[in-house]
Amino acid sequence: MSEDDQVRKILREIHTIAVVGCSKDPAKDAHRVPKYMQMHGYRIIPVNPTATEILGEKAFPSLEAVPVPYDAV
């Protein structure tokens, strides 16, 4: 299986992604990439100690503070 096929397989199997360093700034990749993933059906859990909400989702200060399971970080 090629590396591209492996990545596609992983992306088909995950649904919820915790994004450490997710940004409120639309000019940053740390905002644009999670937004793209969200627009394509993934649930995004922002992890950022300086934010309370990003992309319409409650933000958490650390991975340890996330109260729900996630499939990938």
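For the sequence shown, position 42 (counting from the first letter as 1) is numbered 44 according to my numbering, and the numbering increases by one without interruption. A virtual CB, placed ideally from N, CA and C, is assigned to each residue, including glycine. Quantities reported herein were computed from a predicted structural model and do not represent experimental measurements.
Do the CB positions of H33 and L57 come within less than 9 angstroms of each other?
yes
What residue range is occupied by the uninterrupted beta strand (DSSP E) comprising A70?
Here residue 70 is Val; the residue named in the question, Ala, does not match the sequence. That residue, V70, is in no beta strand (DSSP E); it is neither H nor E in DSSP.
Give me the Cβ distance between A53 and A61, rounded to the nearest whole Å; I'm assuming they're in contact under 8 angstroms.
4 angstroms
CB-CB under 6 angstroms to D7, same chain, minus the five flanking residues each way: which ones, in chain order?
none
Residues that I47 bridges to, as DSSP identifies them
A20
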